[in-house]
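Asker:
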Amino acid sequence: MLKFLKKNHSKDSEERERLKKELFGFTRCVDHGFPSQPRALAYDPKLKLLAIGTKTGILKIYGAPGVEFVGQQKKDVSINQLFFLPEQGRLITLCSDNSLHLWEINEKKEGNAVLEEVKEISMECNKLKTISTCSLTLNSDKLLIGTEGGNIHILEVQTFTLLEQIISQDVVMQSMPEVSSNPGAVEAIAVHPTNPDKFLIGFNRGYIVLWDNKTNNADRTYNASQQLESLDWHRNGTDFITAHADGSYLKWSTEESSSPKESSTTPYGPFPCKAISKIQWKSSKSGPFYIFSGGMPRASYGDKHTVTVMQEENHVVFDFTSKVIDFITVSTADEEDKEDGRQEYDEPHALVVLVQEEIVVIDLDSPNWPAFKLPYLNSLHSSAITCSYHVNNVPEQLWQKIIDAGETQVGKFSHRTWPIDGGKTLASETLTRDLLLTGHEDGTIRFWDASTTSLTFLYKLSTANIFSGETSPPDNSAGEAEEEWPPFKKVGSFDPYSDDPRWAIQKIALCPLSETLIAAGTAGQVIVLQMEREQREQEVTHVTINIVGDSDNFVWKGHEALAPQEGDLKFAPGFQPTCVMQLLPPAACTSLAINSEWQLGAAGTAHGFALFDYCQKKGVLYRCTLNPNDMTNAVVNDSLLSRRISFKKSLRESFRRLRKSRANRREKMKKEKWARRNKRMNCEIEGGEAVSTEGTAPAEGASASASPLSSSPELKPMERQVEARSLDDSMASIVRFLYFADTFAINNTSHQPTLWVGTNAGYVYIYTITIPPSDKRASESVSSFLAKEIKLRHRAPVISMAVIDKRARVLPEPLEVLHERAKAADMSGEHQLVVCSEEQFKVFSLPNLKPVCKRKLTVIDGSMVRKVSFVNFRSRSDENYSEFDIACLTNLGELRIYTLPSLRLQLAENSIKKEDLNGISSFIFTKNGQGFHLICSSEFCRTSLSKRYVTQPNCTIELAEGMRPEPVAEPEALPETEQQPAEPSEQVNAPSTENPANELSEAGTLSPTASPITTETVNVNATTITTTTITTTTTTED
1 MLKFLKKNHS KDSEERERLK KELFGFTRCV DHGFPSQPRA LAYDPKLKLL
51 AIGTKTGILK IYGAPGVEFV GQQKKDVSIN QLFFLPEQGR LITLCSDNSL
101 HLWEINEKKE GNAVLEEVKE ISMECNKLKT ISTCSLTLNS DKLLIGTEGG
151 NIHILEVQTF TLLEQIISQD VVMQSMPEVS SNPGAVEAIA VHPTNPDKFL
201 IGFNRGYIVL WDNKTNNADR TYNASQQLES LDWHRNGTDF ITAHADGSYL
251 KWSTEESSSP KESSTTPYGP FPCKAISKIQ WKSSKSGPFY IFSGGMPRAS
301 YGDKHTVTVM QEENHVVFDF TSKVIDFITV STADEEDKED GRQEYDEPHA
351 LVVLVQEEIV VIDLDSPNWP AFKLPYLNSL HSSAITCSYH VNNVPEQLWQ
401 KIIDAGETQV GKFSHRTWPI DGGKTLASET LTRDLLLTGH EDGTIRFWDA
451 STTSLTFLYK LSTANIFSGE TSPPDNSAGE AEEEWPPFKK VGSFDPYSDD
501 PRWAIQKIAL CPLSETLIAA GTAGQVIVLQ MEREQREQEV THVTINIVGD
551 SDNFVWKGHE ALAPQEGDLK FAPGFQPTCV MQLLPPAACT SLAINSEWQL
601 GAAGTAHGFA LFDYCQKKGV LYRCTLNPND MTNAVVNDSL LSRRISFKKS
651 LRESFRRLRK SRANRREKMK KEKWARRNKR MNCEIEGGEA VSTEGTAPAE
701 GASASASPLS SSPELKPMER QVEARSLDDS MASIVRFLYF ADTFAINNTS
751 HQPTLWVGTN AGYVYIYTIT IPPSDKRASE SVSSFLAKEI KLRHRAPVIS
801 MAVIDKRARV LPEPLEVLHE RAKAADMSGE HQLVVCSEEQ FKVFSLPNLK
851 PVCKRKLTVI DGSMVRKVSF VNFRSRSDEN YSEFDIACLT NLGELRIYTL
901 PSLRLQLAEN SIKKEDLNGI SSFIFTKNGQ GFHLICSSEF CRTSLSKRYV
951 TQPNCTIELA EGMRPEPVAE PEALPETEQQ PAEPSEQVNA PSTENPANEL
1001 SEAGTLSPTA SPITTETVNV NATTITTTTI TTTTTTED
């Protein structure tokens, strides 16, 4: 066992432990974008809150920008329907397992409110008792539950229990003796707008009953003779409308049950039409509104997803690119109606349409019914996201230019204020401006305001117009209706189609101080753009750089390069292209770097890399990283390099590798024995000094101060054996990382500009760069030469690098020191290079490249690094203290922090499921310790490793006094039930009851406290009712 013992370093001191608590902490902050797989929509017109439920059981409530509440169903169920209890800050969810759940927005510490599930009830899940539809009564004290069996159950909302009363289908049909067949399931229920005891019951096969619940009898019966889809009352309470499966609708009078008030209307007939799935009839002084989804001609427009709005002569069919889930109208009457007085007209002023991939809000108060610009819930994946990039602390001048450029693109959006403005945000105003840039499949780059919890769209840059070929017309999502019948009008931004996959953006680099942007694409195009305030017409310079040179052995069989547009081109205000560097072969760019101070850029592909001068618009240097012994038949497939090798050659290589593996195994055993004896580090350096032993490495410790060595031996963790990767690997030539630095690469006496290149084969190439003086920069050429190389022994891919000074601070970004946004680096010497590979981190001294220390990951726990960033962590309480550390994400979905330069682990937290490959691959770090990753194609999850920078919703709602009902006495539980502990699942969202005395004060208000909460699980088919009162506080993450 002695061979597993080694001298280890002492634990962090108490002072360091206190400092860690001020610097590091994992927080899952907020989700940005549009929730995946929405299933239900609801609106509270009194509190002006919008709710969305999803297939995965997530419930989200939105109000004014910054007001957001999120809840998660305990079970893996879909939320099928939502019902707000108006003005109460409560809502009911109907889930796919035939259960109903009551949620409340309750105030917590420091005034912040949270969404909590407080009660639930389950119904037997069989064919007859499956819930088909629900509707709240007029005063929201009862929920009418229609079933597939045709019966209606009644839920008392206050106690959240079912009443004994059941409106049986058999009883209802006694009032319709002429009906001999089964009327089918309850398809729709519509509560009378003025009489809380009356409601319409619509059955699937077209039979409709006006039911009086007070007398428990049917007032009127109606037969539509068509399959019913939806029904809705007119505001006067004497007329109603029904929609049917043949694309028609009927208007009825409650006084006349023998026939409809008017003959059937098929808006898009006479040919067969699809069903009208939902219809609403709203009154207005300027004429009634008829709003319905579906109803399109089956043969010609059966594939359309539409919502029609008709009012007098105005008729628009809003055309969406994904399936319509639901819609609601926002009306003035619903917002202003009171118990002592009702408005004469509905006066709808907004239409909210939830579709599969986005949400669209239409302004019904403005001419031509334009769409609102969304302040949140934006469809991030309007075109598939291919990359993302974050910029901290954007200068005010650039920020304003981006906003101004975006305002010229908004088209004919509504100028009215956002109508869904409920709740109150408690968050303080942000001090910095942060940008999130997303690259897309259609060649666009979208700019988002990431300063707050509301990810707001600012500006869209398109790069496709630089190249010739078919391009889509400009986006006019709020444009005029097309002149055809039906009168379609395209709305929404979701467009999953791209005319050319080569346009896709793969890498983005932005220097906010010089306002220079570089975008690299799938076909090897590297576009340099500069921010301009005015529209300009200019020619774009195109320069070709052939990375593989004139090699006769290389044959490219991938896609062709994009053809440039010739002549002068017009560009709108915003980022405008100045030149395009076309890399050949036209493979996808895998790495990108910019140094705006030197006006240089570098781009890498699967074949090599190129250094280019965008000041003089020409190439400086290129290098091919392909194995020279196997350059034939290279082809890019799905952005990665693969090789087409003949069967004969493949067979020959297989035998060669078999012989080589046997020889390597014997040699490895000898080397391992030698390594254990001499304790040498696992790295070979070419062009550098001899490898130092581990004994010469400095002691590990925090970057603030090194810790003394411990004299007590500890068990050395078991190390996995890691095989060296073959150079014949088809991915070995990929350039993974490019980095500019002004440091000591040649000697200790002078520093110079350098370029550092990391490859998938574990190589690091170090190039020195000679830049002419500023007065000759435009005339004299930049030159660059290879200075040194590093080869990692196991050839693990190099995914990041940084140079740190003797204060363990990463060299500042270009122009930051000049603009007084960062302290100047210590250039007195003693710089160090930090190399991050997939398997380990290593620190080398410069310029001799002597290993200083390392941190193994793969051999210790099997994890591999996927994303790395050098983060400046600032203390939460001390403005003057900050330190640079390494933040990384592993293939296991774990976020970690290591100190510099000692590489000591400070924090490890599970963040992403290891099966979520898309989430891990899309993760990006910010410079202040936050992170973004895709949790689905349309939504980013925002996390933070910093205690200082946490962006979370901080909001509440204000309820009128007495809006929530007084708490009722709970039935006593059975003795045997009291002895049993509550199930963990019942406690997941249990609210705090730390101060019962306060909670029993004014019920119905969120201030100072919410009403007491109990959690009940009721099975309506069971003989007993179990009531569990939660008296402890349990907090869980979503």
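Numbering (full-length UniProt numbering), first residue to last: 1 to 1038. C-beta atoms are modelled at their ideal positions from N, C-alpha and C, and glycine is treated no differently.
Below 9 Å between beta carbons: does that hold for residue 1039 and Arg866?
Answerer: Because the chain in this structure spans residues 1 to 1038, residue 1039 falls outside the shown range and cannot be described.
Asker: Is His381 buried or exposed, if buried means 16 or more other CB atoms sit within 10 Å of its CB?
Answerer: In the sequence shown, counting from the first residue as 1, residue 381 sits at position 381. Buried: at least 16 other Cβ atoms inside 10 Å.
Asker: Candidates Thr605, Ser175, Val835 and Thr430: which alpha carbon is nearest Cys624's?
Answerer: Stepping through the sequence shown from its first residue, residue 624 is reached at position 624. The shortest C-alpha separation from Cys624 is found at Thr605.
Asker: What is the DSSP secondary structure of Gly25, counted as helix, strand or coil?
Answerer: For this step, residue 25 is matched to residue 25 along the sequence shown. Looking at Gly25 - three-state DSSP - the assignment turns out to be strand.
Asker: Mapping DSSP to helix, strand and coil, what is Pro847?
Answerer: Taking the sequence shown and counting its residues from 1, the one referred to as residue 847 is at position 847. DSSP places Pro847 outside both helix and strand once states are collapsed to three, so it counts as coil.
Asker: Have a look at Val852 and Lys557 and give me their C-alpha separation to the nearest angstrom.
Answerer: By one-based count along the sequence shown, residue 852 stands at place 852. By one-based count along the sequence shown, residue 557 stands at place 557. Rounded to the nearest whole angstrom, the C-alpha separation of Val852 and Lys557 is 44 Å.
Asker: Within the region 794-849, note down every full beta strand (DSSP E) run reaching 3 residues or more, in order along the chain.
Answerer: 798-804, 832-837 and 840-845
Asker: Compute the beta-carbon to beta-carbon distance between residue 1091 and Gly25, rounded to the nearest angstrom, for a pair I have assumed lies under 8 Å.
Answerer: Lying outside 1 to 1038, the shown extent of the chain, residue 1091 is not represented and no answer is given.
Asker: Given a threshold of 16 other Cβ atoms within 10 Å of its Cβ, counted over all protein chains shown, does Arg807 qualify as buried or as exposed?
Answerer: By 1-based counting over the sequence shown, the position of residue 807 is 807. Counting Cβ neighbours within 10 Å, Arg807 comes out exposed, since fewer than 16 surround it.
Asker: Which partner residues of Asn910 appear in the DSSP bridge assignment?
Answerer: Within the sequence shown, residue 910 is the residue found at index 910, counting from 1. Beta-bridge pairing links Asn910 to Glu894.
Asker: Can you give me the C-alpha to C-alpha distance between Leu228 and Leu569, rounded to a whole angstrom?
Answerer: Translated into the one-based positions of the sequence shown, residue 228 becomes position 228. Translated into the one-based positions of the sequence shown, residue 569 becomes position 569. Going from the Cα of Leu228 to the Cα of Leu569 covers about 56 Å.
Asker: Which one of Asn378, Ala350, Pro348 and Pro370 has the shortest CA to CA distance from Ile359?
Answerer: Within the sequence shown, the letter at position 359 stands for residue 359. Answer by Cα proximity: Asn378.
Asker: Spatial neighbours of Ala908 within its chain, please: CB distance less than 7 Å, with the 5 preceding and 5 following residues excluded, ordered by chain position.
Answerer: Looking up residue 908 in the sequence shown gives position 908. Counting only Cβ-Cβ distances below 7 Å, and skipping sequence neighbours, we find Glu894 and Arg896.
Asker: If I measure Cβ to Cβ from Ile167 and keep anything under 7 Å in the same chain, skipping five residues before and after, which residues do I get?
Answerer: As a first step, residue 167 is located in the sequence shown; it is residue number 167 there, counting from the start. Cβ neighbours of Ile167 beyond the five flanking positions: Asn151, Ile152 and Trp211.
Asker: Can you tell me whether Tyr497 is helix, strand or coil according to DSSP?
Answerer: On the sequence shown, residue 497 is found 497 positions in, with the first residue counted as 1. Coil at Tyr497, not helix or strand.
Asker: Considering only residues of the region 543-571, which uninterrupted beta strand (DSSP E) runs meet the minimum length of 3 residues and lie entirely inside it, listed in chain order?
Answerer: 568-571
Asker: In this structure, what does DSSP give as the bridge partners for Pro753?
Answerer: Numbered from 1 along the sequence shown, position 753 holds the residue referred to as residue 753. According to DSSP, Pro753 bridges with Asp742.
Asker: Sorted by chain position, which residues of the same chain lie with C-beta nearer than 6 Å to Leu50's C-beta, five sequence neighbours on each side aside?
Answerer: Position 50 of the sequence shown holds residue 50. Correct list, in chain order: Tyr43, Tyr62 and Ile420.
Asker: Among the residues of its own chain, which have a CB less than 7 Å from the CB of His819, if the five just before and after it don't count?
Answerer: Position 819 of the sequence shown, counted from the start, is the residue given in the question as residue 819. Leu513.
Asker: Do you know how far the Cα of Glu22 is from the Cα of Glu879?
Answerer: By one-based count along the sequence shown, residue 879 stands at place 879. By one-based count along the sequence shown, residue 22 stands at place 22. Going by the C-alpha atoms only, they are around 11 Å apart.
Asker: Which residue or residues does DSSP assign as beta-bridge partners of Pro38?
Answerer: In the sequence shown, counting from the first residue as 1, residue 38 sits at position 38. Per DSSP, Thr54.
Asker: Along the chain, where does the beta strand (DSSP E) that runs through Lys198 open and close?
Answerer: Your numbering for residue 198 matches position 198 in the sequence shown. Looking at the DSSP string, the run of the beta strand (DSSP E) that includes Lys198 is Lys198 to Phe203.
Asker: Taking just the CA atoms, how far does Ala504 sit from Gly479?
Answerer: As a working mapping, residue 479 is identified with position 479 in the sequence shown. As a working mapping, residue 504 is identified with position 504 in the sequence shown. Low confidence applies here, because Gly479 scores a pLDDT of 49, under 50, leaving its location unreliable and the question unanswered by this model.
Asker: Relative to the alpha-carbon of Leu889, which residue among Thr452, Met864 and Ser882 has its alpha-carbon at the smallest distance?
Answerer: Start at 1 with the first residue of the sequence shown, and residue 889 comes out as number 889. With distances taken between Cα atoms, Leu889 lies closest to Met864.
Asker: Who are the near neighbours of Ala778 in its chain, counting only those whose CB is closer than 7 Å to its CB and skipping five residues on each side?
Answerer: The residue given as residue 778 occupies position 778 in the sequence shown. Within the same chain, Ala778 has close Cβ partners Cys615 and Gln616.
Asker: Taking the alpha-carbon of Thr386 as reference, which of Gln506, Ile145, Gly247 and Pro348 has the nearest alpha-carbon?
Answerer: Taking the first residue of the sequence shown as position 1, residue 386 is located at position 386. The option with the nearest alpha carbon to Thr386 is Gln506.
Asker: Using the DSSP secondary-structure output, state which residues sit across from Gln538 in a beta bridge.
Answerer: For the purposes of this step, residue 538 is identified with residue 538 of the sequence shown, where counting begins at 1. DSSP output for Gln538 lists Leu569 as bridge partner(s).
Asker: Tell me which same chain residues have a C-beta within less than 7 Å of the C-beta of Pro395, skipping the five on either side of it?
Answerer: Counting from 1 along the sequence shown, the entry for residue 395 is found at position 395. Taken in chain order, the residues that qualify are Pro512 and Leu513.
Asker: Ends of the alpha helix (DSSP H) at Thr858?
Answerer: Sequence index remark: in the sequence shown, residue 858 carries index 858 (1-based). Here the alpha helix (DSSP H) through Thr858 covers Thr858 to Asp861.
Asker: Here's a check: name, in chain order, each residue in its chain whose Cβ is nearer than 8 Å to the Cβ of Glu15, leaving out the five neighbours to either side.
Answerer: If you number the sequence shown from 1, residue 15 lands on position 15. So no residue of the chain qualifies.
Asker: Given a cut-off of 9 Å on the beta-carbon distance, is the pair Ser938 and Pro65 in contact?
Answerer: By 1-based counting over the sequence shown, the position of residue 938 is 938. By 1-based counting over the sequence shown, the position of residue 65 is 65. Not in contact: Ser938 and Pro65 (Cβ atoms no closer than 9 Å).
Asker: Are the CB atoms of Tyr898 and Phe844 within a distance shorter than 9 Å?
Answerer: On the sequence shown, position 844 is the one that residue 844 refers to. On the sequence shown, position 898 is the one that residue 898 refers to. Not in contact: Phe844 and Tyr898 (Cβ atoms no closer than 9 Å).
Asker: Apart from the five residues just before and just after Ala520, which ones in its own chain have a Cβ nearer than 6 Å to its Cβ?
Answerer: Position 520 of the sequence shown, counted from the start, is the residue given in the question as residue 520. Closer than 6 Å at the Cβ level, and outside the excluded window around Ala520, lie Gln506, Lys507, Val526, Cys589, Leu592 and Ala603.
Asker: Please classify Gln169: does DSSP put it in a helix, a strand, or coil?
Answerer: Residue 169 sits at position 169 when you count from the first residue of the sequence shown. Three-state DSSP puts Gln169 in a helix.
Asker: Which whole-angstrom value is the C-beta distance of Phe609 and Leu738, which I expect to be below 8 Å?
Answerer: Position 609 of the sequence shown, counted from the first residue, corresponds to residue 609. Position 738 of the sequence shown, counted from the first residue, corresponds to residue 738. Contact annotation, Phe609 with Leu738: C-beta distance approximately 7 Å; criterion of less than 8 Å satisfied.
Asker: For a quick check, are the C-beta atoms of Cys125 and Asp170 less than 9 Å apart?
Answerer: As a first step, residue 125 must be located in the sequence shown, where it is residue number 125. As a first step, residue 170 must be located in the sequence shown, where it is residue number 170. It is not a contact, given that the beta carbons lie outside the stated cut-off.
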